Structure formats: C-alpha cells, structure tokens
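Down below is the structure, laid out as structure tokens.
Protein chains: 4
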Amino acid sequence: MFSSDHHIRVRYIETDQMGVVYHGHYFQYFESARAESIRQLGLTYSDMEKMGVIMPVIEVQCRYLRPARYDDLLTITVILKELPVHHKIEFSQEVYNEARELLATGRVVLYFMEAGTMKRTNMPEALRVKLQPYFTHKS
Amino acid sequence: MFSSDHHIRVRYIETDQMGVVYHGHYFQYFESARAESIRQLGLTYSDMEKMGVIMPVIEVQCRYLRPARYDDLLTITVILKELPVHHKIEFSQEVYNEARELLATGRVVLYFMEAGTMKRTNMPEALRVKLQPYFTHKS
Amino acid sequence: MFSSDHHIRVRYIETDQMGVVYHGHYFQYFESARAESIRQLGLTYSDMEKMGVIMPVIEVQCRYLRPARYDDLLTITVILKELPVHHKIEFSQEVYNEARELLATGRVVLYFMEAGTMKRTNMPEALRVKLQPYFTHKS
Amino acid sequence: MFSSDHHIRVRYIETDQMGVVYHGHYFQYFESARAESIRQLGLTYSDMEKMGVIMPVIEVQCRYLRPARYDDLLTITVILKELPVHHKIEFSQEVYNEARELLATGRVVLYFMEAGTMKRTNMPEALRVKLQPYFTHKS
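Residue numbers (my numbering), protein chains in the order written: chain A, 2 to 140; chain B, 2 to 140; chain C, 2 to 140; chain D, 2 to 140.
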C-alpha cells in the first residue's frame, strides 16, 4: 500500500454562504494531494503529460461527515491500495482537520491514456518503478 | 418520479488544460439544475433557507463517460426517484451534450437540516406538497 | 458603440461565507457575457479559436458597489466603445440585479494572438465585419 | 512599508484550455497571500471576523504579463505601502514564477466594515498594533 499526507489551507473562495467548504471543492483538494504524492515519489504529473500520458478522471465519490471551514489547515491522506495492472488506477482520499476529525472520504478512479490517440494505455514505467517498492512487502 | 431538464452553457473557466470540463465542476452543474427544478415547482432553495431549512450535501458520486467541452450547451436532467420519507433526499443527474450523447451520470444525497440547531429535520411541507403529485400515479 | 445584455443566475458555489458573491467570480460573468455577445453577432469564440486566434486577457479591473447574492438573476451589460484598430480590444461590463441596481462595473482588455506563434495579430476579419455596422453611424 | 512573500502551487483546476491559469483565479491567490501575511503578523482574518469586522473587496485590478502554468510554484508578494487611516486598505500584489519572472501585478482595495451593521469602521486596533512598526522607520 502507498499512502501520503498533504496539507491544504482552506481559501475564502472555497466557502459558501452556509459558512463551510462547498462540497464540489473537495475534488481539487484530492487532486492537489495526488499530485503532491506523485511528486514525493520523485516524479510529477507534468512529467507524465510531457511523456504523452494524461489521466482523465473516470469516476469519483465523496462522503461528507463534518464540514471544513475557512482557514482550516486540512490534511489530505492519499491512499493507493493496489498497484494498477492495466490502464486503471484508483485512489482513496481522507480529509482531516487540525483536531484530527475525519471530515470526508473520497474515491477517485482515473485512466492512463495516450494524449495523442486518446487510447487507454498502461501505467507509465517511470511511475511503476517508483510505486513498486510499496507493494512488495509480502515476499 | 419527478424529472426536470435544465440547460447550462460551459464557461471558459470550467475547462482545464486537457481541453475539457474539469471533473469537479459537474457538481455545480448538478446543483444549479436542482435549484432550477425546484423553481419550476414554484418554490426556491432561497425560500427554504429563509424558512430555516438548509440542505447540506452528504454524499456525491459521478461517472464520466465522454468529455464536455467549452461552449457546449449541456442538458442536465434531474431525477427524483423516490419521495423522501425523513430527512434524506437523493437526486440522480444525467448530463447530455447537444448531440444527445450521455456525458456523465451523478448521484447526490442531501439532508434537510434546521439552520439554527443543525439538527436533521423532515422535508419542508411546502416542498412535499409540490412534489407529491409526481409520486401518486399508482393509486 | 456595441452593447449587449446577458443574464446569469448566481450559483451557490459562487457565494462565500459573507453571504455574497466572491469578488473573483465576476470575471467569469464578464467572460460568459462577452462570449454570448459575440454569439449574438453570429460568431462564436470557439470559431475564432478554430481559426487559430486566441484572446488572452491582458488587464482587468472591477469596482464593487453592492453585493450580488445567491439566486440573483444578474444582467451583465457588455459594452464595446471603440472598434479595435490593432491587436487590442477593450470591453466594459456592468452588472445589475433584478431591481436594476448597479452592482459592479468592470473593464477587461484582451489581445488577439495567433495560437501557434503566440504573436499579436489583428482582430479577425470575420469579427470586424460583424462589429463594423455598430461604429459607422456618424458618416 | 509592509511586505510579505507567500508560495502557492498552481492546481490543475486553475488551468484553462489555453494551457495557462485562468485570469480570474489570480484574485484568490492574492487573497490567500493576504491571509497568510496577516497570519505572519500573529493575527488571522478569522480572528477579525470573530471580532465582528469583515473586509469586503471594493475594487480590484490586475495586469497579466506572462502566463502561469500548471504546477508552477508561484511566489505572491503582498505589499502594503501605507498604513490605513480610516476604513480603507489597499494592497499591492506581485506574482512571480520559479524563474523569478514577474507574471502579474495586482491591486486590491478593501473596506473594514462592522459585520452586524454593515457600516464602515476603522482598522481594528489589534491589526494596527501589528502593522505600526513597519511604518515608523522614519522618525
């Protein structure tokens, strides 16, 4: 399993008139945290785009347990439970506030696709090499 | 069953550098369409907030089948399959482009809550009266 | 002078915890209204991008007089005071609520640029032909 | 003069189909940077809201010199040239990329207002005390 924490400060624009973070904004928190977790592995999502691989989002889900508020310093935990075999990758995300209360849990499924042809492709080898060590603890 | 169509023109800000609508933006399309569908019933979400009832989003899901693009005139179909019994209401949403291709399907669960106490409450009577006729076709 | 009105309903996501529309969102209202005003002329911004011309924003300004609120049906008036001579075009925008109160005034300067070379270019002839009649009333 | 630097990583959602950061997003960068600069002084904007003072934005301006791109680590420099005398405060902002190229310059004018009455008020004493030392170097 691969897991990584990332911190995001809630911006004023992300609140709504209920005084909490608008539900749709969590997906940019998830994405920002996924990008950081890839960076921690020594690669960037931009690198992958330059290699001709894009990662469109295919499915998302999110459950909201407690509200996030303006200026909260959120912790987004990105979890990859399984190393992708083919073109599909699924991330889990958990959102905590500074009191370590769980605010939301999300699931995001993406495909690896060739930018030119828009055909599904395998996870780039450069990323597989970085992730592999986190999934070989059984041997 | 209650169902209602609503049209939304994709804005430039809603595209990303993949040249398509960013996945997180679909939830504001869903919400905007839900608000319009309530308006068509002769009520507004603002009216409900003035009555002291807010509707936080509890869970969302979305599947992306085909990309939406800048300037597309989308049709958002809002579907309410069941009349809420207690504090929970679940909407289905479908997104079509002008060629009537299905772009995405979504599910949004909201609670009715008292704004003051933040306690769960039943669907306001004013809304129930408007929706009831769509769910009494069996008798 | 060319002038054109466009209507936009304020979305929930566009409010913030002050209970009003977040100041940064006005620029997408302006842009959406500009796109509609070009459409009314019988052209679209997408057409122009397909012709290889993009219009990056070079400068913006906005004054906020009264707040816009959730569910307000805004009128955005787009005004082009001068027909562009070279690569530069400047729009004025005014925002009104349903009570015809002036909420905000804005100014947006854009350049016409070739998408391929990113060099400044003149206003496309296709657009000039549409706009010319609004600026020849004196002769 | 008070000046403070703040770093912001560009999110995917902030890009548009031109492949650059959408012009309207700079205002949330400015605001986020202003909030951090107040935090560095030992106060937060949330504290001020709890004290009953809100700061609506009255006027903004921005000039765009070079595009910001996905994943850029921007530096936002917040500058307060004059200590406010009454209810008005004006910030300048500069945006740099990692190559220290100046991407944009902005100006934001805000008012101090009482949240309850929506009347203009003076800058809270708690903030004045923090800022004063930066403006007394001449004496």
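From the three backbone atoms N, C-alpha and C, an ideal C-beta is built for every residue, glycine too. Just so we're clear, the structure is a prediction, and the values are computed from it rather than from any experiment.
Residue range of the unbroken alpha helix (DSSP H) whose run includes residue i
i                 : result
Glu32 of chain B  : 27-41
Arg10 of chain D  : It is not in any alpha helix (DSSP H) - Arg10 of chain D instead sits in the beta strand (DSSP E) that spans 3-10.
Val21 of chain D  : Premise fails: Val21 of chain D is in no alpha helix (DSSP H) and is neither H nor E.
Leu132 of chain B : 126-132
Tyr46 of chain A  : 46-51
Proximal residues of chain C, C-beta to C-beta of residue i below 9 Å
i                : result
Tyr46 of chain D : Near Tyr46 of chain D there are no residues of chain C at all, since even the closest Cβ is about 11 Å away, more than 9 Å.
Residue burial classification, residue i (beta-carbon count within 10 angstroms, cutoff 16)
i                 : result
Met119 of chain A : exposed
Ala105 of chain B : buried
His87 of chain A  : exposed
Ser140 of chain D : Reliability fails at Ser140 of chain D, whose pLDDT of 46 lies under 50, so the model's placement of it is uncertain and the value that follows must be treated cautiously. It is exposed - the Cβ of Ser140 of chain D has fewer than 16 other Cβ atoms within 10 Å.
His26 of chain B  : buried
Glu37 of chain C  : buried
Arg12 of chain D  : buried
Glu32 of chain A  : buried
Gln29 of chain C  : buried
Ala69 of chain A  : buried
Gln94 of chain B  : buried
Residues that residue i contacts on chain B, provided the C-beta gap is smaller than 8 Å
i                : result
Tyr71 of chain D : Gln18
Chain-ordered neighbours of residue i on chain A, where CB pairs are closer than 8 Å
i                : result
Gln29 of chain D : Arg12, Tyr13, Ile14
Where residue i meets chain B, residues with beta-carbon distance less than 9 Å
i                : result
Glu32 of chain C : Arg12, Tyr13, Ile14
Gly1 of chain D  : Since the first residue of chain D shown is 2 and the last is 140, residue 1 of chain D is not available in this structure.
Ile55 of chain A : Met19
Own chain partners of residue i with C-beta closer than 7 Å, once the 5 adjacent residues on each side are dropped
i                 : result
Tyr135 of chain B : Met2, Phe3
Ile39 of chain B  : Thr45, Tyr46
Arg67 of chain B  : Glu102, Leu104
Arg64 of chain B  : Ala105, Thr106
Tyr71 of chain D  : Val11, Tyr13, Thr16
Lys131 of chain C : Leu42, Gly43, Leu44
Met124 of chain A : Pro85, Ile90, Phe113
Pro57 of chain D  : Leu111, Tyr112, Met114
Lys82 of chain D  : Met2, Ser93
Beta-carbon proximity list for residue i, same chain, < 6 Å, skipping 5 on both sides
i                 : result
Tyr23 of chain B  : Asp17
His7 of chain B   : Ala34, Glu37, Ile77
Asp73 of chain B  : Val11, Asn98
Arg121 of chain B : His88, Tyr112, Met114
Arg108 of chain C : Gln62, Ser93
Val96 of chain A  : Leu75, Ile77, Leu104, Ala105
Residues of its chain near residue i, where Cβ-Cβ distance is below 8 Å and the 5 sequence neighbours each way are ignored
i                 : result
Ala116 of chain B : Glu50, Gly53, Val54, Ile55
Ala127 of chain B : Leu44, Asp48, Met49, Met52
Ile59 of chain A  : Lys89, Val110, Leu111, Tyr112
Beta-carbon neighbours of residue i, restricted to chain D and to distances below 7 Å
i                : result
His24 of chain C : Phe28, Val58, Val61
Arg67 of chain C : Here the premise fails: no neighbours, minimum Cβ distance about 10 Å.
Chain-ordered neighbours of residue i on chain D, where CB pairs are closer than 8 Å
i               : result
Arg1 of chain C : Outside the modelled stretch of chain C, which goes from 2 to 140, sits residue 1 of chain C, for which no answer is possible.
Residues that residue i contacts on chain C, provided the C-beta gap is smaller than 8 Å
i                : result
Arg64 of chain D : Ile59, Glu60
Start-end ranges of the beta strand (DSSP E) lying completely within the stretch 57-116 of chain C, minimum 3 residues: 58-65, 74-81, 89-97, 103-112
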